[in-house]
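Student: Pasting a structure below so you can have a look.
Residue numbers (my numbering): 23 to 603.
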């Protein structure tokens, strides 16, 4: 065993190398456990240096794009082991009407002398500019430096990480014009990446929202011809065709929407995720659409997809109706080993939880929003970003949702423009997948028009912290001070070109008697945002106080099908596991 100690703020406190595994010890400890609601989060954006206010660029035109942005992405862009933060900017609107706004990157400096994590804004090249919407972070060219893809009301662009602390100028991705349609006003939203065609590199799906011409000429009023104008309802506009790009190698993308069988995806897309929903080793595709059917495409394994939206049950709610889908999350909420789906929706509809009941090759999902306690708390809220994690380290996945209306004066008296966000505590890990709303002072603090949500352990203490963006408002950074049991953290390093092992499946098992806890390496989900790349599990103590990690094992199924087992992984550290080829 070799031990190497870091000395700079950008270094980990300790680095252990054990038989090809790297265990990274965090630089600071966990704060005291909160008593009020079981979860203690502290808002630390300004004090840690993350000073950012989103600008919608609204200038009186009442345009829908002004209500929808924007997202954020966690990315270790400089490879120092501390997660940095990319924040997407929008205004002014229309984009041609004034100076373009540029996104911001904040470098994580690690802890200062007092142990506080500090961020600083950095100039790392020409960031994306224009009317920004979403971001996803991944190594798309296989050089082990994490790149960024940024969507806009306008072209989607690639920011290629040069590996020297800077990004190359933005490269726009071209889109083939859909048959029978136009692409004069492209409007990208959320994005997802996976090796969808099995050639080893990461392919890209861009959900796109409305075919929206700023000069549409409509004047929309809620209460008759003499009432004040307002933003027009999305139902008045056609949906745009989503775009699917295959990676030709080295991060060069080609529009392959039609030949992959995805040219029918024109359902006002806002959220998207790639995940292996049927367990066959191929990433399937799920899209959350606003006002139209959600889309589910099964990966055939030959570079094409088949539409199983209606047959799967995940296109509509339990009453057979499409909803106004915004963001989504994919995880195993009932501990049965497969991927379930959560979708955030408009107020009155409630959010939707689809339990995966797939058997064989036909995808099948059941709406269990009402029976699990997931849906009802969201009735008066309009959901956008959604992230999951065992935030209190009790062994069950919890859910955090970012809420905010699109209308400045919502149509119902008990629904506001600025809204509180929502925290749902998962069950006790017994496989039931139930949820309870937790009302904390911090969840209700200073309601905003929240949009993006991304989870990551920015202070390397073993729990999930939250970054939440707001439309025309400040970004908030919520540090998790909840505490809990011990923890196991894992970072995978795959072989090139899929160096982050996107699509890998990891299962932690122990002799505690609890069901194994399964996680997936995914790039996408939530709403217009990109969460951190490491995974974490709670490690309960045995009767004699010894962490169960000392009598447990971690199984890794790599994207290519190879398997690795780690017996008795060390608790309280991030174990970095490399793929052997």
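For glycine and all other residues, C-beta sits at the position ideal for the given N, C-alpha and C.
Here the structure is a predicted model, which is why all the values come from computation and not from measurement.
1) Following the continuous beta strand (DSSP E) through residue 104, name the residue where it begins and the one where it ends.
2) Measure how close the beta-carbons of residue 446 and residue 353 come, nearest whole angstrom, since I'm counting them as under 8 angstroms.
3) As a quick exercise: from 318, 383 and 596, pick the residue whose alpha carbon is nearest that of residue 229.
4) Determine the direct distance from the alpha carbon of residue 485 to that of residue 502, and round the result to whole angstroms.
5) Give, in chain order, every unbroken run of the alpha helix (DSSP H) that is at least 4 residues long and sits entirely within the segment 182 to 215.
6) If the criterion is Cβ atoms closer than 8 angstroms, does the pair residue 66 and residue 499 meet it?
7) Just to confirm my understanding: we take residue 376, look at its own chain, exclude 5 residues before and 5 after, and list those with CB closer than 8 angstroms. What are they?
8) Quick one, are the C-beta atoms of residue 521 and residue 161 less than 8 angstroms apart?
9) Near residue 603, which residues of its chain fall below 7 angstroms by C-beta distance, leaving aside the five closest residues on each side in sequence?
10) Determine the DSSP secondary structure at residue 423, reduced to helix, strand or coil.
11) Got a sec? Which residues, its chain only, sit under 6 angstroms from residue 175 by beta carbon, not counting five neighbours each side?
12) Taking the straight line between their C-alpha atoms, what separation do you get for residue 56 and residue 62?
13) Given a cut-off of 8 angstroms on the beta-carbon distance, is the pair residue 511 and residue 597 in contact?
14) Starting from the C-beta of residue 167, find all residues in its chain whose C-beta is less than 8 angstroms away, skip the five residues before and the five after it, and write them out in chain order.
15) So the candidates are 380, 487, 85 and 288; which of them puts its Cα closest to the Cα of residue 428?
16) Going by CA-CA distance only, name the one from 64, 294, 180 and 327 that's closest to residue 272.
17) Nearest-angstrom Cα distance between residue 116 and residue 342?
18) Give me the residue from 123, 324 and 264 with the minimum Cα distance to residue 308.
19) Can you give me the start and stop residues for the alpha helix (DSSP H) that residue 466 sits inside?
20) Three or more C-beta pairs under 8 angstroms: does that hold for the segment 219 to 234 against the segment 292 to 302?
21) Over the uninterrupted alpha helix (DSSP H) stretch that includes residue 68, give me the two end residues.
22) When the Cα atoms are used, what is the spatial distance from residue 43 to residue 113?
23) Specify, as a first and last residue, the run of the alpha helix (DSSP H) that residue 334 falls within.
Tutor: Short version:
1) Premise fails: residue 104 is in no beta strand (DSSP E) and is neither H nor E.
2) Actually they do not touch by this definition, with Cβ atoms about 13 angstroms apart.
3) 318
4) 7 angstroms
5) none
6) yes
7) 335, 336, 362, 363, 364, 365, 387, 388, 389 and 390
8) yes
9) 517
10) strand
11) 87, 153 and 209
12) Here the model assigns residue 56 a pLDDT of 37, short of 50, so the residue's position is not dependable, and the following value carries that caveat. Whole-angstrom Cα-Cα distance: 5 angstroms.
13) yes
14) 99, 101, 161, 183, 184 and 185
15) 85
16) 180
17) 37 angstroms
18) 264
19) 463 to 466
20) yes
21) 67 to 70
22) Since pLDDT at residue 43 reaches only 45, below the 50 mark, its modelled position is unreliable, and the value read off the structure follows with that caveat. Distance between the alpha carbons of residue 43 and residue 113 is about 45 angstroms.
23) 331 to 334
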